[in-house]
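Chains S and P, in that order, are what the protein sequence lines are. Just so you know, we're using the working numbering here: the first sequence kicks off at 1 and counts up by one. Just so you know, we're using the working numbering here: the second sequence kicks off at 1001 and counts up by one.
Protein chains: 2
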Amino acid sequence: MITAVIIGSGNMAHAIIRACQNTNIEIIGIYSRKIENTIEIAKQKNINCIESITNIPTDADLYLLCVNDDAIESVSNSLIINGGLVVHFSGLKNINEIKKQENKAVFWPIESINKNSFVNFKNTPICIEANTDENYRIIENFADRLSNHVLNINTEKRLYLHLAATITNNFSNHLITLAKNELDNKGIDYGILKHLLSNALNNSFIFEPYKIQTGPAIRNDLNTMQKHLDLIENQNLRALYELFSKSIFEFKPNKNNA
Amino acid sequence: MITAVIIGSGNMAHAIIRACQNTNIEIIGIYSRKIENTIEIAKQKNINCIESITNIPTDADLYLLCVNDDAIESVSNSLIINGGLVVHFSGLKNINEIKKQENKAVFWPIESINKNSFVNFKNTPICIEANTDENYRIIENFADRLSNHVLNINTEKRLYLHLAATITNNFSNHLITLAKNELDNKGIDYGILKHLLSNALNNSFIFEPYKIQTGPAIRNDLNTMQKHLDLIENQNLRALYELFSKSIFEFKPNKNNA
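This is the structure:
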């Protein structure tokens, strides 16, 4: 049995609590600065609600800092504990953002954690890091109970993965948002594109992506690009279209992939 | 049995020839201005090679113009035929780009047709259009033999679908290209992102995409955005990052989706 205290009451706290159900990880309490949220989650999930940071149990195995990046340092500084492992969940922050604690680790799930769509971490790649071999063993043991895909990734590599995830996941979702908006305006079902986009994504993991680039920009087909631009009403989309066309045409791969 | 003449020798011609195998569509000849390519395909696929446009059979059921958008008008004008249906394959061009022919139709597969990755049209949405009901029946009969997903889409809607496909498919592939390039530089496996991106794409067809937007831009998290920008060496990617952040933050959905 692993005992853990959850600190935070946002999407990550929800996700971790849900993922720990039916494992032999016992959540012995939840604390957050948003006391009303904390009371609600504690009631919903039947967890002990900790109303003040000074009341946090000192002898848990894990202290899970499901807080905003900017709060990691101050919250971890405020914890008065007896040697348990303090864990942050940020893709971006150095492990040493946890300053005054002896035992520190990172648990970063590569997942878009949204109340509507999150299911569990079973197939989620989890990037873990710890400040000692013993602490690595502890965080690995925790992560292995939640996911089948646990990866040893240091702070620098995690930062680049966070950047790449933002570029591919968040920006692609926005491209879809903008394109769907154009189709909605004309009463056209966006679902027609699903086949194309699913194949394209699969192919980008089979082939070198720049080698399967298609479309007017890679052919420098100015007529088509102008025809497209004439259709677009959204100013930001028009600017994105122009910049993508430039970037696609100018792209040169690294020597090792060329 | 439907008889068809292929005009063109590029990726679309290859794809159509491949898709017609094992159907009761008989390709009775292939012609293209690139005579060497034509001879090679004809030999490979055991099809009659037509070396001059004046030798094209006059009595085929279908004349399939697998040519560049800019060649549709001139090639269709040059055809001397006996009433067969002339079909173009462009997402962008009006059906009336086929000018001097009485019977005209469009067959536009929503598919990235690439020699490396193309398989067949079985699950590809095919947008069809024709200038008369009788011609619609003929092109539909042809399309139904190649795909299970045939759609009646007029020229204007097809144009918007072409735009949306370019934005989502071509631009997302470029985002992946750029992100993978950053990861390659640091020796990090891009495959780690597959789970995230597959889920995100599926979710964008289940939920309203702007409602599942995550990442620093939608939170207006300036610290994270600056940290990301500091990592990016590619100038075009940096400009794209800034423009996406602006566009994500400013986006307002259509009233009917809000």
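Think of the CB as a built atom: it goes at the ideal place given N, C-alpha and C, for glycine as much as any other residue.
{"Item": "Short of 7 Å Cβ to Cβ, which residues in the segment 1091 to 1105 of chain P face chain S?", "Value": "Leu1092"}
{"Item": "Using only CA atoms, which one of P:Glu1233, P:Lys1043, P:Lys1100 lies nearest to Glu1073 (chain P)?", "Value": "P:Lys1100"}
{"Item": "Locate the beta strand (DSSP E) running through Thr1003 (chain P), then write down its first and last residues.", "Value": "1002 to 1007"}
{"Item": "May I ask you to list, following chain order, the residues of the segment 1181 to 1197 of chain P that have a beta carbon less than 7 Å from some beta carbon of chain S?", "Value": "Asn1181, Glu1182, Leu1183, Asp1184, Asn1185, Lys1186, Ile1188, Gly1191, Ile1192, Leu1193, Lys1194, His1195, Leu1196, Leu1197"}
{"Item": "Can you give me the C-alpha to C-alpha distance between Thr1166 (chain P) and Leu161 (chain S), rounded to a whole angstrom?", "Value": "26 Å"}
{"Item": "Between which two residues does the alpha helix (DSSP H) carrying Tyr1136 (chain P) extend?", "Value": "1133 to 1146"}
{"Item": "In the structure shown, what three-state DSSP assignment does Phe1207 (chain P) receive?", "Value": "coil"}
{"Item": "If you scan the segment 69 to 99 of chain S from start to end, which runs of the alpha helix (DSSP H) of 4 or more residues do you find wholly inside it?", "Value": "72 to 78"}
{"Item": "Starting from Tyr190 (chain S), follow its DSSP beta bridges and name the residues at the other end.", "Value": "Paired residues: none, contrary to the question."}
{"Item": "How would you label Ile1222 (chain P), buried or exposed, when you count the other beta carbons within 10 angstroms and need 16 or more for buried?", "Value": "Reading off the sequence, residue 1222 (chain P) comes out as Leu, not Ile. By the 10 Å Cβ count, Leu1222 (chain P) comes out exposed."}
{"Item": "Compute the Euclidean distance between the alpha carbons of Ile1095 (chain P) and Ile128 (chain S), then round it to the nearest angstrom.", "Value": "56 Å"}
{"Item": "Have a look at S:Asn103, S:Thr54, S:Ser112 and flag the residue whose alpha-carbon is nearest the alpha-carbon of Asn1199 (chain P).", "Value": "S:Ser112"}
{"Item": "Please name the residue, chosen from S:Ser90, S:Glu26, S:Glu182, S:Asp59, that lies closest to Lys45 (chain S) on a Cα-to-Cα basis.", "Value": "S:Glu26"}
{"Item": "By DSSP's criteria, Val1106 (chain P) is part of a beta bridge. Which residues make up the other side?", "Value": "P:His1088, P:Glu1129"}
{"Item": "Cβ closer than 9 Å: which chain P residues qualify as neighbours of Ser226 (chain S)?", "Value": "Before going further, note that residue 226 (chain S) is Gln rather than Ser in the sequence given. Simply none; closest approach about 11 Å."}
{"Item": "Where Glu259 (chain S) and Ser172 (chain S) are concerned, what is the direct C-alpha to C-alpha distance, given to the nearest angstrom?", "Value": "Chain S is shown only over 1 to 258; residue 259 (chain S) falls outside these bounds and no answer can be derived."}
{"Item": "So what does DSSP say about Glu1040 (chain P), is it helix, strand or coil?", "Value": "helix"}
{"Item": "Tell whether a beta-carbon distance below 8 Å holds between Gly29 (chain S) and Val67 (chain S).", "Value": "no"}
{"Item": "Go ahead and label Asp61 (chain S) buried or exposed: buried means 16 or more other beta carbons lie within 10 angstroms of its beta carbon, across all protein chains shown.", "Value": "buried"}
{"Item": "Can you name the start and end residues of the beta strand (DSSP E) that Asn152 (chain S) belongs to?", "Value": "150 to 152"}
{"Item": "Less than 7 Å between the CB of Asp69 (chain S) and some heavy atom of the ligand FMN, yes or no?", "Value": "The ligand FMN is not part of the structure shown, which contains no ligands of any sort."}
{"Item": "Could you tell me which residues DSSP pairs with Cys1049 (chain P) in its beta bridges?", "Value": "P:Ile1030"}
{"Item": "Helix, strand or coil for Ile260 (chain S), going by three-state DSSP, please let me know.", "Value": "Any question about residue 260 (chain S) goes unanswered here, given that chain S covers just 1 to 258."}
{"Item": "Which class does Ile1025 (chain P) belong to by DSSP, given the choice of helix, strand or coil?", "Value": "strand"}
{"Item": "Got a sec: which bits of the segment 56 to 72 of chain S sit with their beta carbon under 8 Å from any beta carbon on chain P, in order along the chain?", "Value": "Asp69, Asp70"}
{"Item": "Comparing the C-beta of Ile1248 (chain P) with each C-beta of chain S, is any distance below 8 Å?", "Value": "yes"}
{"Item": "What residues in the segment 127 to 161 of chain S have a beta carbon less than 9 Å from any beta carbon of chain P?", "Value": "Cys127, His149, Leu151, Ile153, Glu156, Lys157, Leu159, Tyr160, Leu161"}
{"Item": "Below 8 Å on the Cβ atoms is my contact criterion, and I expect Tyr1136 (chain P) with Ala1130 (chain P) to pass it. Report the Cβ-Cβ distance as a whole number of Å.", "Value": "4 Å"}
{"Item": "Going by C-alpha to C-alpha distance, which of S:Asp59, S:Ala13, S:Leu197 sits closest to Ser32 (chain S)?", "Value": "S:Ala13"}
{"Item": "Strictly under 8 Å for the Cβ-Cβ distance: is Gly215 (chain S) near chain P by that measure?", "Value": "yes"}
{"Item": "Can you find the residues in the same chain that come closer than 6 Å, C-beta to C-beta, to Ile47 (chain S), ignoring five residues on each side of it along the sequence?", "Value": "Ile27, Ile30"}
{"Item": "Please compile the residues from chain P whose C-beta is within a distance smaller than 7 Å of the C-beta of Ser204 (chain S).", "Value": "Asn1173, Ile1176"}
{"Item": "Write down the C-beta distance between Lys122 (chain S) and Asn148 (chain S) rounded to the nearest angstrom, noting that I regard them as a contact closer than 8 Å.", "Value": "6 Å"}
{"Item": "May I have the straight-line CA-CA distance separating Ile1212 (chain P) from Arg1238 (chain P), to the nearest angstrom?", "Value": "24 Å"}
{"Item": "Counting only C-beta atoms, is Tyr31 (chain S) closer than 8 Å to chain P at any point?", "Value": "no"}
{"Item": "Would you mind telling me which residues of chain S sit closer than 9 Å to Glu1111 (chain P), beta carbon to beta carbon, in chain order?", "Value": "His195, Leu196, Asn199"}
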